[in-house]
Every structure is written in C-alpha cells, then in structure tokens.
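Right, one structure below, let's go through it.
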Ligand code: NAP
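Numbering (our numbering), first residue to last: 91 to 392.
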C-alpha cells in the first residue's frame, strides 16, 4: 500500500513526488513512457526560472526525475487503464498490475490534438509528427509544414529551422496566437514562411508524406503543396479518458479547488490535466507542490 500514488511523471507529477517522498511518504509515480511528459518533448525552454540561457526540455525533465528519485519516489512505466478512487483505499489498474494507495495525485497531463484529416494517421511516423525534438533531425534540408499558430507551433517551427531547408507555418487565421517574442523571431527567420487563412484538408503520399491538400478559408480555394513532413501543433487534449467519478469540465479537464482537491476525498489533480488559466512548466511545478501538500494534510488527518 502506497501513501501517495501519482499518475503521470511530467513536471507536475515529478514535483509532487519530490515533495511527498521528501516528507517520508511512500510514493509511486505511474508514467506511461519517459519521465517528463510534454516538457520532455519540448526542444528548448526559456521561461523556466533559474536557466537564464535556456535549457533543453529533456535535460530539465531528467533533473526533475533525478531529484524526485533521490528522495525515494518509485517510478513504474505502465499505462493506467482504470481507477477506482471513491473509497478510502484507492485502486489504480495499470496494464500490468493493481496498485493500492491512500491518496492519489492525478498529473496525467495532456497530449497532442490531432487534425483529424485523411492521411494523418496513415503517415504518422512516416512524415507526420507531433514532436519536433524527436523527429526534426529526419528532415535535414527538407521542406516541412508546421500546422498551428500558438506558442508550440511557432517555437517548434523555429527549432525545425536547425534541420529543415524550409518551414511553412500553416495557420487557420491571419494572425498568430503565439506570444510576441516568438512571433518576432519567426518573422526574422529567413527559413520560415507563413501560409495564413489556410487549413489542411488531406495529407497525401505513397511511402511517406509527399504533399498536402490545403484550403484557403476565405476563398474556399483548394490547392496542393509539395511537402516532405508535417508537424502538428494545434493544442492538446487532457488525458482523462480512463477516469471515472472525478468531476471534469466540458473539455475533459479535471475541476479542482484552490487546494487542488477534486470532488473525491484524497484525490488531487495537478498540471495540464486540470482546468486552469496557464499551462506551463512553472505552473505545473506550483501545482505539484500544492497537490503534494494537500495530500500530506489529508494523510495527516487520516
Ligand atoms: P494553443 O495555444 O491552444 O494553440 C493552438 C493553435 O492551433 C492555435 O493557433 C489554434 O488556432 C490552432 N488550432 C487549434 N485547433 C486547430 C485545428 N483543428 N486546425 C487548425 N488549427 C488549429 O496550443 P499550444 O501552442 O500547444 O500551447 C498550449 C499551451 O502551452 C498554451 O498555454 C501555450 O502558451 C503554452 N506553451 C507555452 C510555451 C512557451 O511559453 N514558450 C511554449 C509552448 C506552449 P487559433 O489561434 O485560431 O485558435
């Protein structure tokens, strides 16, 4: 029996684990892949305090993981398939086992939203990617598209110019959503071109991506554009499909109070998976610490 089970090993989950393990609570982190979550897929992080020169997402997340482990937090790499969190003893079922815990912190984060167009699934891993850090190097001197107009799209487009010959940002409006500093950098980058007011209708090819069918949303005009790769950064969806009995908002994000308590006693939520204003590593860290202290208080009262 664990005192604290943390679902998700991204910045929120790893921070929560650091706090609960350091408080001497028997802690387990259940993470489906590598520690670090989406932050570990982020090429370069410039707005996490303490790193004035910036830091690579994977490096920062490895440090988070080391720090939590050094205080005794255990981590297993398994997918959570269901969880019964209503009673005093919480039972989390993973692909490999059932884990019992007295309290649970849900920090399962969010994952890349899909375009939902023809060819996207077929060419995933063969030209369609949701991670520039993972796949950018495959596109040396190639022509790639980045779909989206937010911080992720623009930041990763800039990163991709290290490898690709041309990076085309395809955005459905005529104005980017990304913060001004990122927009300015992208505008100054000679390798980046903008295709505004345009949506992707289809991704085409044979063995890999060869072209995209694009639609101008103002004129309705359809045209094909040759492309070697397509990086999709159009936002995220929360990883809550396996949850039962926890109150979610319309978008599927977990509702919490200021103490990061959910509607179920002993169940807390932290990071991108919960309904919140700002989804960043720095806010995930704050959430992890808060959820851990709330869990600590709950265990103390028990
Ligand atoms: P986001 O801010 O939600 O932006 C998503 C972008 O994709 C928007 O431009 C949106 O267009 C577009 N989009 C959404 N659905 C689409 C669809 N079906 N087809 C075409 N385009 C679509 O998502 P994000 O960029 O992944 O960022 C998520 C959060 O992480 C944000 O809070 C962001 O600030 C943060 N973040 C911060 C940093 C940083 O601070 N350095 C880096 C990365 C991410 P519209 O603009 O028309 O809605």
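Where is the CB? At the ideal position from N, CA and C, for every residue including glycine.
8 Å contact criterion, which residue i and residue j should meet: CB distance rounded
| i | j | result |
| --- | --- | --- |
| residue 236 | residue 271 | Not really, about 17 Å apart at Cβ, beyond 8 Å. |
| residue 356 | residue 116 | That pair is no contact at about 15 Å. |
| residue 352 | residue 336 | 5 Å |
| residue 189 | residue 95 | 6 Å |
| residue 328 | residue 319 | Residue 328 to residue 319, Cβ: 27 Å. No contact. |
| residue 199 | residue 363 | 5 Å |
| residue 250 | residue 226 | 5 Å |
| residue 161 | residue 129 | Not really, about 20 Å apart at Cβ, beyond 8 Å. |
| residue 109 | residue 383 | 7 Å |
| residue 163 | residue 332 | Not a contact, Cβ separation roughly 22 Å. |
| residue 211 | residue 133 | Contact doesn't hold; Cβ gap of about 24 Å is too wide. |
From the options, residue whose alpha carbon lies closest to that of residue i
| i | options | result |
| --- | --- | --- |
| residue 385 | 193, 374, 371 | 193 |
| residue 224 | 138, 211, 148 | 148 |
| residue 373 | 197, 176, 114 | 197 |
| residue 376 | 93, 101, 92, 95 | 101 |
| residue 287 | 262, 296, 170, 269 | 262 |
| residue 233 | 254, 226, 242, 249 | 254 |
| residue 322 | 129, 125, 201 | 201 |
| residue 156 | 211, 266, 296, 119 | 119 |
| residue 391 | 165, 178, 163, 339 | 178 |
| residue 209 | 144, 296, 168 | 296 |
| residue 186 | 268, 195, 171 | 171 |
| residue 230 | 256, 214, 212, 243 | 256 |
| residue 361 | 127, 123, 114 | 127 |
| residue 123 | 169, 159, 146 | 169 |
| residue 239 | 388, 215, 264 | 264 |
| residue 378 | 217, 268, 114, 154 | 154 |
| residue 389 | 366, 368, 358 | 358 |
| residue 387 | 99, 103, 104, 113 | 113 |
| residue 167 | 368, 216, 99, 215 | 99 |
Strand pairing of residue i, partner residues [DSSP]
| i | result |
| --- | --- |
| residue 254 | DSSP output for residue 254 lists no bridge partner at all. |
| residue 295 | 299 |
| residue 314 | 303 |
| residue 92 | 191 |
| residue 284 | 259 |
| residue 208 | 292 |
| residue 357 | 194 |
| residue 234 | 257, 319 |
| residue 201 | 327 |
| residue 219 | 321 |
| residue 117 | 94 |
| residue 369 | Paired residue(s): none; residue 369 is not in a bridge. |
| residue 214 | 218 |
| residue 351 | 358 |
| residue 364 | 344 |
Cutoff 8 Å; reference residue i; Cβ partners in own chain excluding five residues on either side
| i | result |
| --- | --- |
| residue 314 | 294, 301, 302, 303, 304 |
Residues of its chain near residue i, where Cβ-Cβ distance is below 7 Å and the 5 sequence neighbours each way are ignored
| i | result |
| --- | --- |
| residue 221 | 131 |
| residue 338 | 330, 344, 345 |
| residue 291 | 207, 303, 304, 305, 312 |
| residue 279 | 248, 251 |
| residue 267 | 239, 240 |
| residue 217 | 295, 298, 299, 318, 319, 320 |
Neighbourhood of residue i by C-beta, 6 Å cutoff - its chain only, sequence neighbours within 5 removed
| i | result |
| --- | --- |
| residue 380 | 350 |
| residue 219 | 225, 321 |
| residue 242 | 323 |
| residue 145 | 135 |
| residue 58 | Outside the shown range of the chain (91 to 392) lies residue 58, about which nothing can therefore be said. |
| residue 244 | 268, 272, 276 |
| residue 285 | 258, 260 |
Chain C contact for residue i (CB, 9 Å cutoff)
| i | result |
| --- | --- |
| residue 252 | Given the protein chain composition of this structure (a single chain), no chain C is represented. |
(request) Identify every run of the beta strand (DSSP E) within the region 316-345, keeping only runs that are complete inside it and at least 3 residues long; order them along the chain. (result) Runs of the beta strand (DSSP E) inside the region 316-345: 319-322, 326-328.
(message) Please give me, in chain order, every unbroken run of the beta strand (DSSP E) with length at least 3 that falls completely inside the region 120-192.
(response) Residue ranges of uninterrupted beta strand (DSSP E) with 3 or more members, entirely inside the region 120-192 and ordered along the chain, are 164-167, 170-174, 180-184.
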